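S.K.: The numbering of the sequence shown is the UniProt record's numbering, which starts it at 1 and goes up by one.
The beta carbon of each residue, even a glycine, is placed where N, CA and C say it ideally should be.
Here the structure is a predicted model, which is why all the values come from computation and not from measurement.
Okay, here's the structure, questions in a sec.
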Amino acid sequence: MEKEKWLFIDSGACSPSYNMALDEMLLHWHSEGLIPPVIRFYEWNPATLSIGYFQKIHKEIDLEAVERHGLGLVRRPTGGRGVLHDKELTYSVIVSEDHPYMPATVTEAYRVISTGLLEGFKALGLDASFSVPSSESAREELKQPRSAVCFDAPSWYEMVVEGRKISGSAQTRQKGVIMQHGVLLIDLDTEQLFDVFLYPSERVRRRMQKAFAEKAVPINDLTNEKLDVDDIRSAFTKGFERGLEINLSRYTLTPAQEKDVRALAKSRYENEEWTYRR
Numbered sequence: 001m002e003k004e005k006w007l008f009i010d011s012g013a014c015s016p017s018y019n020m021a022l023d024e025m026l027l028h029w030h031s032e033g034l035i036p037p038v039i040r041f042y043e044w045n046p047a048t049l050s051i052g053y054f055q056k057i058h059k060e061i062d063l064e065a066v067e068r069h070g071l072g073l074v075r076r077p078t079g080g081r082g083v084l085h086d087k088e089l090t091y092s093v094i095v096s097e098d099h100p101y102m103p104a105t106v107t108e109a110y111r112v113i114s115t116g117l118l119e120g121f122k123a124l125g126l127d128a129s130f131s132v133p134s135s136e137s138a139r140e141e142l143k144q145p146r147s148a149v150c151f152d153a154p155s156w157y158e159m160v161v162e163g164r165k166i167s168g169s170a171q172t173r174q175k176g177v178i179m180q181h182g183v184l185l186i187d188l189d190t191e192q193l194f195d196v197f198l199y200p201s202e203r204v205r206r207r208m209q210k211a212f213a214e215k216a217v218p219i220n221d222l223t224n225e226k227l228d229v230d231d232i233r234s235a236f237t238k239g240f241e242r243g244l245e246i247n248l249s250r251y252t253l254t255p256a257q258e259k260d261v262r263a264l265a266k267s268r269y270e271n272e273e274w275t276y277r278r
């Protein structure tokens, strides 16, 4: 049987506002039936702190540190905690809720989409597995995270290797469409990461940073040779095709689509009312 064809967009390194605007516009175009499902890969220029839709920026983020490190700052349309996008490849998946492959529940949809991630890690020779909370207390802990940092702990069906989280994802559902985007972490500067969040004291920061190192791991800490973004891109292109049993067809935005993305980037994701709304 012929495999379903999805679009594949490789955006390269884009501004924070453009990255979020394109994900949102892809969701909109798919909801209108203008494009089929999409897998997108992208990077960030400059390195950027993205915060979840519901995060309280002045309570959780050290804005002076963000500026001091020369980082971009953007609020995502998805939930979850803060993510420092630097040495990584970011992915997004846009697909209708009523797609025959997509379960109705959020956690099960994570499982299906994460199958593509699982195959990508296999292509890198890593023995990754799904994160599934093992007890009721662990499930409750996910609802009340102890930290504003995304990689502090794995959620349902995120990827773990040797018990440590290796990728983080966030999902939203709008207009009958699932949009999931997440991080494929290649390397990590934990000092910079923990510098941009607020803590009750320096002692608490150091304790949390130490605990974080036991819970999260970048890809290059698990490989014998140092991989770059091209290696990750190749592995996960194959991974999504295998995991979702699809064929990817490279797609370039039309001039009209580019214009719509840039207009949304300016009106929403560069708008301080959006960024500082909580």
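Quick check on DSSP: helix, strand or coil for E136?
M.R.: Because the pLDDT at E136 is just 49, under 50, the model does not fix this residue reliably, and the value given afterwards should be weighed accordingly. In this structure, E136 counts as helix in the three-state DSSP scheme.
S.K.: Identify every residue that forms a DSSP beta bridge with E4.
M.R.: Per DSSP, I246.
S.K.: Assign L34 to buried or exposed, taking buried as 16 or more other Cβ atoms, counted over all protein chains shown, within 10 Å of its Cβ.
M.R.: So L34 ends up on the exposed side.
S.K.: Is S131 helix, strand or coil when you go by DSSP?
M.R.: Coil, per DSSP.
S.K.: Report back the beta-carbon spacing between E64 and S114 to the nearest angstrom; my notes put them in contact at under 8 angstroms.
M.R.: In fact, because the Cβ distance is near 36 angstroms, the residues do not count as touching under 8 angstroms.
S.K.: In the structure shown, what three-state DSSP assignment does G82 receive?
M.R.: If DSSP states are grouped into helix, strand and coil, G82 belongs with the strands.
S.K.: Contact defined as beta carbons within less than 8 angstroms: I believe P77 pairs with T172. What is the distance between those atoms, to the nearest angstrom?
M.R.: About 6 angstroms separates the two Cβ atoms, so the contact holds.
S.K.: With contact counted as at least three CB pairs below 8 angstroms, one residue from each stretch, are the stretch 225–242 and the stretch 174–193 in contact?
M.R.: Contact holds: three or more Cβ-Cβ distances are below 8 angstroms.
S.K.: Between L118 and E225, what straight-line distance do the alpha-carbon atoms span, to the nearest angstrom?
M.R.: Approximately 20 angstroms between the Cα atoms of the pair.
S.K.: Under 8 angstroms: do the stretch 208–228 and the stretch 23–32 share three or more Cβ pairs, one atom per stretch?
M.R.: No: the two stretches stay apart, fewer than three of their Cβ pairs being nearer than 8 angstroms.
S.K.: Going by DSSP, what residues sit across from E43 in a beta bridge?
M.R.: For E43, which the question treats as bridged, DSSP gives the partners A13.
S.K.: With a cut-off of 8 angstroms on the beta carbons, I'd call L244 and L126 a contact; round off their distance for me.
M.R.: Contact flag wrong, Cβ pair sits at about 19 angstroms.
S.K.: Is the beta carbon of W44 sitting closer than 8 angstroms to the one on I246?
M.R.: Not a contact, by the Cβ cut-off of 8 angstroms.
S.K.: Between F236 and Y91, is the Cβ-Cβ spacing less than 8 angstroms?
M.R.: Going by C-beta atoms, F236 is nearer than 8 angstroms to Y91.
S.K.: Can you tell me the Cα-Cα spacing of I9 and G116, whole angstroms?
M.R.: Approximately 16 angstroms between the Cα atoms of the pair.
S.K.: I need the boundaries of the beta strand (DSSP E) containing Y91, first residue and last residue.
M.R.: Y91 -> beta strand (DSSP E) spans E88 to S96.
S.K.: So, is D98 buried or exposed, given that buried needs 16 or more other C-beta atoms within 10 angstroms?
M.R.: So D98 ends up on the exposed side.
S.K.: Taking three-plus beta-carbon pairs below 8 angstroms as touching, is the stretch 213–222 in contact with the stretch 247–261?
M.R.: Counting Cβ pairs under 8 angstroms, fewer than three are found: no touch.
S.K.: Given a threshold of 16 other Cβ atoms within 10 Å of its Cβ, counted over all protein chains shown, does Y276 qualify as buried or as exposed?
M.R.: So Y276 counts as exposed.
S.K.: Could you tell me whether the Cβ atoms of D86 and F197 are closer together than 8 angstroms?
M.R.: Contact: no.
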